[in-house]
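What follows is a short report on a single structure.
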Amino acid sequence: MHRLIKIRLLRDFETLEERVRRWKDTLLDVGKKEASFQPPADFYETAQGLVVRLDLAGVAKEDLSLSLAGQELVVQGRRQPPPSADIRRFLHLEIGFGTFERSFHLPLAIDPEGVQAFYKDGILEIHLPRKRPQKLQITVKEDH
7 MHRLIKIRLL RDFETLEERV RRWKDTLLDV GKKEASFQPP ADFYETAQGL
57 VVRLDLAGVA KEDLSLSLAG QELVVQGRRQ PPPSADIRRF LHLEIGFGTF
107 ERSFHLPLAI DPEGVQAFYK DGILEIHLPR KRPQKLQITV KEDH
């Protein structure tokens with residue numbers, strides 16, 4: 007009985023040791039592989055329409071792509087990894103890098119011609135104006 011418990015304990019420790027080794031290898035690979043991140047965003051309504059703001063510190067304007075399809079706004083981009091030439095090893099790594107994509111369902115009709123985007127100090131701000139109701143004249147015809 008004691009021998010069986012001892013064998014199980016040894017097997018459990020070997021499994022634990024293997025898990026720790028894999029975890030350590032994963033941690034050491036941080037910075038070698040490109041990850042992805044999810045930038046924080048604010049999304050709100052104003053009297054003029056909708057505003058989306060994303061915190062994109064470190065993302066170059068050239069690495070951003072915005073698209074509007076129907077009632078969905080999609081923001082895609084890429085934050086470059088830190089330059090690894092001078093880095094011997096990471097001691098602490100919190101700033102995400104890699105590609106990202108954020109989608110926002112627009113709860114009201116937008117005028118696509120009036121959409122504007124501004125990028126300053128790492129903040130992307132997108133203004134989506136409301137679609138103005140169009141006045142349509144309807145002609146009354148005689149009964150057909």
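Following my numbering, the numbering of the sequence shown begins with 7 at its first residue and continues without gaps. Glycine included, each C-beta is placed from N, C-alpha and C at the ideal position. No experiment lies behind these values; they were computed from the predicted model shown.
Check                                                                                                                                            : Outcome
Let's see if you can read the secondary structure: which residues bound the beta strand (DSSP E) around residue 105?                             : 104-111
Return the first residue and the last residue of the beta strand (DSSP E) that residue 133 is part of.                                           : 129-135
How about residue 59 and residue 69: do their beta carbons lie closer than 8 Å?                                                                  : no
What is the DSSP secondary structure of residue 55, counted as helix, strand or coil?                                                            : strand
Three-state secondary structure (DSSP) at residue 48?                                                                                            : strand
Taking just the CA atoms, how far does residue 104 sit from residue 52?                                                                          : 32 Å
Taking the continuous beta strand (DSSP E) assigned at residue 82, which residues delimit it?                                                    : 78-85
Would you please state the rounded distance, in angstroms, between the beta carbons of residue 132 and residue 79? I believe it to be under 8 Å. : 7 Å
Taking all protein chains shown into account, decide if residue 148 is buried (16 or more other Cβ within 10 angstroms of its Cβ) or exposed.    : exposed
Excluding sequence positions up to five away, which residues of its chain have a Cβ less than 8 Å from the Cβ of residue 135?                    : 54, 55, 116, 117, 120, 121
Nearest to residue 125 by CA position, among 61, 48, 146, is which residue?                                                                      : 61
When you compare only the Cα positions, how much space is there between residue 140 and residue 42?                                              : 43 Å
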